[in-house]
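Protein chains in written order, with the working numbering: chain R, 1 to 171; chain L, 1001 to 1390.
Single-structure report; data block below.
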Amino acid sequence: MDSRAVAELLRERFPAAVRSVEEFRGETTVTIDRTALRGVMRFLKEDPAARYDLLVDMAGVDCGDGAPRLMVVYLLNSLSHTNRLRVKTGVAEGAEVDTVSDLWQGAEWLEREVYDMFGVRFAGHPDLRRILLTEEFVGHPLRKEFPLAGHEFDKPVDLCAEEETGYTRDV
Amino acid sequence: MSETNLMTINMGPQHPATHGVLRLLLELDGEVVVSVVPHIGYLHRGLEKLAESMTYPQALTLTDRMDYTSGFSNNLSYCLAVEKLLGIEIPKRAQYLRVMLAELQRIAAHLLWLGTHALDLGAMTALFYTFREREEIIEAMELVTGARLTPSFVRIGGLAADIPESFLPRVRAFIASFPGHVDEYETLLTENIIWKKRTRGIAPLSGAECIGYGVTGPPLRASGVNYDVRKAYPYSSYEEFDFSVPLGTSGDVYDRYLVRLQEMRQSLRIVAQAADRLPDGPVAADLPTVVPPAKDAVGKDLAALIRHFKLMEEGFAPPAGEVYSSIESSKGELGFYLISDGTNKPFRMRVRTPSFANLGALPRMIVGEMIADVVAAVGSIDIVLGEIDR
């Protein structure tokens, strides 16, 4: 079954959840209602007609002024049917998305990165903390309002406070 | 009453066997790993954010700074994504040259991996052999692209330039000599009893576990799963080349080694076919809005100079839409997910890097193993922190 047929199947099985199906350059993108995401993802992974066994990637997208504010994008690949499907879901500011890390273990890190970069929280994630940035970091840098140079770009980073180590740097 | 004392140690971020700035927080019971928490991000440069501030041609130079052991492949994956977004076809000669150079780059990356992986496990000799051949490839790369590691030679719409005349004879000499060199590496390692004891049955992953973690590339194929982007979603005319996908059975460190060795032989077959059947013609598409004019035209023709200036300054604006395009890099599936809002800068560039997903499976691999085998496991997945942290 190719990705377009899977999208039609989704429309049949989850008529209330499918917001839109788009085709661009031979790729299929399905937009799903956030609250129905888990059921749809489980169906996509387990149904023999779909069998999207590989979660290739997850991406957050900041839509700027658009409503909803953020998007979480899942890129699925079916090894047995050799086709890809993109699933998107809109996330309003402060809303949570259900985790899929129990369906695909790889999602554990991917969801942590989306949280780190966009501040989207995933309900049911076993260990939701920042992955690339430090825990002390303030803000979510891939959001559009975050300045490219970062906050306080010119401020020197004091990795080892002098009073703690008793060591003075020669400047 | 027995008492268990667990010891917590930090491996890295400055540790030679972590191949970069990876920190593993290991909890040990004696020599056995009880748990591990990988800490990444030390090399985070915000490439995805930076790309949003650059035009499409400018963002190209960010890409070869991710996996710096195979810069050419990174460029290729990015350009394929932008070309898909634009909906353009590029000339056959450029496609064949891309394939040829990408496969040479794969061999170079595998050689770097083999030398350092063997070095980690105490087999120092292999490094001196593999770097000898790697140098040949890097020098050939320099001959074509002018750079050793970060070529930025693949351009949107084709290649930056055609190959010089001395390149093909050089490649043919390499094709003739390299199989013998792979035999040399095999003599050093494949039946070496110490090598086998350090690698066989160590850190295995089943096919299902690999798929669950999103592991791709040689580690996935070492577990017996036949998935190679070059076969599943052919790009750059890969469907016209005859090569096989080496598979392993046990998914351990030894099988990952065998798979990569076989891959080098297969890559060489592809290079040979590309060199023999290299079509004539231009190396860039005839698209004035995307491809800059030839350098000598810029010096002579005012219109070309203006076009060059406008392209460098403003780039071009692809239609609004979103695409994902991926290649089989030396480490696995390397993909770019681009969203265009119809302006000259990407609205969002997301990079799917193979090392990120492959490293995610590391805890599954090494919990329950001995601490000395952590080095073998980390080496066997062939990570590059530059593309994990981006």
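Here a beta-carbon is modelled for each residue, glycine too, at the ideal position from N, C-alpha and C.
These numbers were taken from a predicted model, which means no experiment stands behind them.
query: Interface flag, phenylalanine 122/R vs chain L, CB-CB below 7 angstroms; result: no
query: N- and C-terminal bounds of the alpha helix (DSSP H) containing histidine 1039/L; result: Histidine 1039/L -> not in any alpha helix (DSSP H); beta strand (DSSP E) instead, spanning 1032–1039.
query: Proximity of leucine 70/R and phenylalanine 118/R at Cβ, strictly below 7 angstroms; result: yes
query: Ranges of the beta strand (DSSP E) found wholly within the region 113–158 of chain R, counting only runs of at least 3; result: 121–123
query: Three-way DSSP call (helix, strand, coil) for aspartate 1389/L in this model; result: helix
query: Whole-Å CB distance - valine 1253/L paired with valine 1036/L, under 8 angstroms assumed; result: Actually they are not in contact, since the Cβ atoms of valine 1253/L and valine 1036/L sit about 16 angstroms apart, beyond 8 angstroms.
query: CB contact flag (glycine 1157/L, valine 1291/L, <7 angstroms); result: yes
query: Supposed contact pair serine 1236/L and glutamine 1095/L - C-beta distance, whole angstroms, cut 8 angstroms; result: 5 angstroms
query: Chain L contact for proline 68/R (CB, 7 angstroms cutoff); result: no
query: Residue-chain proximity (glycine 1321/L, chain R), Cβ-Cβ < 7 angstroms; result: yes
query: The alpha helix (DSSP H) enclosing lysine 1092/L, as first and last residue numbers; result: 1092–1120
query: Limits of the beta strand (DSSP E) - the one that threonine 31/R falls within; result: 27–32
query: Proximity of threonine 1353/L and phenylalanine 1316/L at Cβ, strictly below 7 angstroms; result: no
query: Any chain L beta carbon closer than 7 angstroms to alanine 7/R; result: no
query: Neighbour-count burial assignment, glutamine 1266/L, 16 or more Cβ in a 10 Å radius; result: buried
query: Residue-chain proximity (glycine 119/R, chain L), Cβ-Cβ < 7 angstroms; result: no
query: Collapsed DSSP secondary structure at aspartate 1064/L in the structure displayed; result: coil
query: DSSP-derived helix/strand/coil call for tyrosine 1129/L; result: helix
query: Continuous beta strand (DSSP E) stretch holding tyrosine 1362/L: start and end; result: In the sequence on display, residue 1362/L carries leucine and not tyrosine. Run containing leucine 1362/L: none in the beta strand (DSSP E); it sits in the alpha helix (DSSP H), 1362–1366.
query: Residues that DSSP places opposite phenylalanine 1336/L in a beta bridge; result: Ser1325/L, Val1351/L
query: Three-pair Cβ contact test at 8 angstroms for the region 97–115 of chain R versus the region 34–50 of chain R; result: yes
query: C-beta atoms of isoleucine 1270/L and glutamate 1103/L nearer than 7 angstroms; result: yes
query: Proline 1275/L to glutamate 1313/L span [Cα, whole Å]; result: Reading the sequence as shown, one finds alanine at residue 1275/L and not proline. Roughly 36 angstroms separates the two Cα atoms.
query: Supposed close pair valine 61/R, arginine 1390/L - CB separation, criterion 8 angstroms; result: Contact doesn't hold; Cβ gap of about 16 angstroms is too wide.
query: Residue closest to asparagine 1358/L, alpha-carbon to alpha-carbon, out of Lys144/R, Leu110/R, Glu145/R; result: Leu110/R
query: C-alpha distance - asparagine 1344/L paired with isoleucine 1306/L, whole-angstrom precision; result: 18 angstroms
query: Euclidean distance between Cα positions of valine 171/R and threonine 82/R; result: Residue placement at valine 171/R is poorly supported in this model, since its pLDDT is 46, which falls under 50; the coordinates still yield a value, given next. Computed Cα separation, rounded: 59 angstroms.
query: Whole-angstrom distance between lysine 1231/L and tyrosine 1238/L, CA atom to CA atom; result: 8 angstroms
query: Neighbour list for leucine 55/R in chain L, Cβ cutoff strictly below 8 angstroms; result: Gly1214
query: Cβ pair leucine 1149/L, threonine 1130/L closer than 7 angstroms; result: no
query: Where valine 138/R falls, given that 16 or more other Cβ within 10 Å makes a residue buried; result: exposed
query: Residues from the region 6–40 of chain R in contact with chain L, defined by Cβ distance under 8 angstroms; result: Phe24, Arg25, Glu27, Thr29
query: CB contact check: arginine 143/R to chain L, cutoff 7 angstroms; result: no
query: Distance between beta carbons of glycine 1332/L and threonine 957/L, contact taken as under 8 angstroms; result: Because chain L is modelled from 1001 through 1390, residue 957/L falls outside the range shown and cannot be assessed.
query: Inside the region 51–125 of chain R only - beta strand (DSSP E) runs reaching at least 3 residues; result: 54–62, 70–78, 83–91, 96–98, 121–123
query: Of the listed residues Lys144/R, Asp102/R, Glu46/R, Glu12/R, nearest to glycine 66/R (C-alpha basis); result: Lys144/R
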